[in-house]
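Position 10 of the sequence shown, counting from 1, maps to 42 under our numbering, and the rest follow consecutively.
Glycine residues also receive a C-beta, built at the ideal position from the N, C-alpha and C atoms.
Take a look at the structure below.
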Amino acid sequence: MAGLRLDKMLAHMGLGSRKDIKKLARAGEIVVNGMVVRDTAQKIHPDRDEVVVGGQPVRYREHIYLMMNKPAGYISATEDRSLLTVLELLSDQYACFELFPVGRLDRDTEGLILLTNDGKLAHELLSPKKHVPKTYLVRIDSMVTADQRLALEQGVTLDDGYRTLPAKLEVVQDKSVEVLLTITEGKYHQVKRMFASVGKKVLYLKRLAIGGLWLDENLAPGQYRELTDEELELLRSQK
Ligand code: URA
């Protein structure tokens with residue numbers, strides 16, 4: 033990793049503005065490789081230099097990856113004048129990272145949403161060319177018949193004439209009103225429109241998985257956590 037200005041690195045890690053960091057340095061609170069540092073413009077190598085601020089080690093991370101169980105009532109956007117956004121659920125600890133949601137879930141949809149500041153990975157996961165599978169738990173207003181299941185799996189024509197790609201549908205309950213649908217594309221309101229095309233209304237929708245990454249079932253709606261290294265690898269291997 034190339035050298036990085038110490039003040040820039042600490043500001044990125046949420047330790048305050050460059051002015052605040054200068055103050056910390058003047059107070060002798062910043063130590064790099066065991067030496068008190070006064071010049072915050074000095075370059076450091078985050079991968080090999082040990083940085084301690086106020087007695088706490090600071091581990092530099094350029095990118096952050098969170099999985100969230102999105103609750104209903106929040107929109108997947110970074111800001112909105114009147115509606116609550118998923119970013120408002122994050123603690124201040126993440127405020128400095130300029131995170132954004134990867135793709136969109138409707139306001140009333142729950143479940144797995146990724147938040148990151150890694151534009152490259154987000155772009156790859158969203159690229160229509162990659163066909164990253166996404167699995168949804170869908171509760172509908174009436175039973176899915178065998179014919180409807182076949183139609184949904186082979187491809188249906190949406191209200192705008194678009195024909196969906198092959199999908200996978202598994203019935204969760206005997207009554208067939210709760211199903212798992214896996215699609216490899218992400219058209220606007222796709223799941224709801226797919227079911228509408230066979231005359232059904234979606235009553236509840238929750239995303240459970242993106243490209244082999246499953247929502248941690250310990251996360252209650254509104255909760256989130258960082259991805260593990262293994263989970264991140266799994267997402268990267270979707271490319
Ligand atoms: N399909 C929908 O209809 N809504 C979502 O939120 C996600 C997929």
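#1: Which word fits residue 88, buried or exposed, when buried means at least 16 other C-beta atoms lie within 10 angstroms of its C-beta?
#2: I need the boundaries of the beta strand (DSSP E) containing residue 156, first residue and last residue.
#3: Hey, would you say the C-beta of residue 224 is under 7 Å away from at least one heavy atom of ligand 1?
#4: Alpha carbon to alpha carbon, how far is residue 190 from residue 164?
#5: Within the same chain, show all residues whose beta-carbon is closer than 7 Å to that of residue 85, passing over the 5 residues directly before and after it, in chain order.
#6: Any chance the region 134-153 sits against the region 107-120, with 3 or more Cβ pairs inside 8 Å?
#7: Have a look at residue 38 and residue 228 and give me their C-alpha separation to the nearest angstrom.
#8: For the alpha helix (DSSP H) holding residue 55, just list the boundary residues, first then last.
#9: Looking at C-beta atoms only, is the number of pairs between the region 118-126 and the region 160-177 that lie closer than 8 Å three or more?
#10: Thinking just about the alpha-carbon of each residue, which of 98, 96, 99 and 66 is nearest to the one in residue 83?
#11: So if DSSP puts residue 75 in a beta bridge, which residue, or which two residues, is it bridged to?
#12: Could you tell me if the beta carbon of residue 141 falls within a distance shorter than 7 Å of some heavy atom in ligand 2?
#13: Can the beta-carbon of residue 286 be found less than 8 Å from the beta-carbon of residue 149?
#14: Return yes when the Cβ of residue 241 is within less than 8 Å of the Cβ of residue 247, no when it is not.
#15: Alpha carbons only, please: which of 126, 132, 198 and 96 is nearest the one belonging to residue 112?
#16: For the beta strand (DSSP E) holding residue 213, just list the boundary residues, first then last.
#17: For the beta strand (DSSP E) containing residue 102, list its first residue and its last residue.
#18: Do residue 240 and ligand 1 come close, with the Cβ less than 7 Å from some heavy atom?
#19: Residue range of the alpha helix (DSSP H) that residue 223 falls in?
#20: Spatial neighbours of residue 35 within its chain, please: CB distance less than 6 Å, with the 5 preceding and 5 following residues excluded, ordered by chain position.
#21: With 16 other CB atoms within 10 Å as the buried threshold, where does residue 231 fall?
#22: Does the separation of the CB atoms of residue 143 and residue 238 fall below 8 Å?
In short:
#1: Position 56 of the sequence shown, counted from the first residue, corresponds to residue 88. Per the 10 Å Cβ criterion, exposed.
#2: For the purposes of this step, residue 156 is taken as residue 124 along the sequence shown, with counting starting at 1. The continuous stretches of beta strand (DSSP E) do not include residue 156, which lies in the alpha helix (DSSP H) extending over residues 151-158.
#3: Along the sequence shown, one-based indexing puts residue 224 at 192. At least one heavy atom of ligand 1 is found less than 7 Å from the C-beta of residue 224.
#4: Position 158 of the sequence shown, counting from 1, holds the residue named residue 190. Position 132 of the sequence shown, counting from 1, holds the residue named residue 164. Their backbone Cα atoms lie some 20 Å apart in a straight line.
#5: Locating residue 85 in the sequence shown gives position 53, where the first residue counts as 1. Leaving aside the five residues that flank residue 85 on each side, the residues in its chain whose CB is nearer than 7 Å to its CB run, in chain order, 42, 47, 56, 61 and 62.
#6: Contact between the region 134-153 and the region 107-120 is established, with three or more Cβ pairs separated by less than 8 Å.
#7: Sequence index remark: in the sequence shown, residue 38 carries index 6 (1-based). Sequence index remark: in the sequence shown, residue 228 carries index 196 (1-based). Our two residues, residue 38 and residue 228, have alpha carbons roughly 55 Å apart in a direct line.
#8: Translated into positions along the sequence shown, residue 55 becomes position 23. Going by DSSP, residue 55 is part of the alpha helix (DSSP H) stretching over 50-58.
#9: No: fewer than three Cβ pairs fall under 8 Å.
#10: As a working note, residue 83 is residue 51 in the sequence shown. Selection 98, 96, 99 and 66 evaluated against residue 83 yields 66 as nearest (Cα-Cα).
#11: Counting from 1 along the sequence shown, the entry for residue 75 is found at position 43. Beta-bridge annotation (DSSP): residue 75 is paired with 37.
#12: For ligand 2, the structure offers nothing, since it holds only ligand 1.
#13: Outside the modelled stretch of the chain, which goes from 33 to 271, sits residue 286, for which no answer is possible.
#14: As a position in the sequence shown, residue 247 is number 215, starting the count at 1. As a position in the sequence shown, residue 241 is number 209, starting the count at 1. Yes, they are a contact pair.
#15: As a position in the sequence shown, residue 112 is number 80, starting the count at 1. Comparing Cα-Cα distances from residue 112 to each of 126, 132, 198 and 96, the minimum goes to 132.
#16: In the sequence shown, counting from the first residue as 1, residue 213 sits at position 181. Per DSSP, residue 213 belongs to the beta strand (DSSP E) from 210-215.
#17: Here residue 102 refers to the residue found at position 70 of the sequence shown. According to the DSSP assignment, residue 102 belongs to the beta strand (DSSP E) that extends over 97-102.
#18: Here residue 240 corresponds to residue number 208 of the sequence shown, with the count starting at 1. Flag unset: Cβ of residue 240 not near ligand 1.
#19: Taking the first residue of the sequence shown as 1, we reach residue 223 at position 191. Start and end: 222-229.
#20: What you label residue 35 is simply residue 3 of the sequence shown in a count that begins at 1. Counting only Cβ-Cβ distances below 6 Å, and skipping sequence neighbours, we find 75 and 77.
#21: Along the sequence shown, one-based indexing puts residue 231 at 199. Exposed is the call here.
#22: Counted from its first residue, the sequence shown places residue 143 at position 111. Counted from its first residue, the sequence shown places residue 238 at position 206. Result yes, Cβ atoms of residue 143 and residue 238 sit closer than 8 Å.
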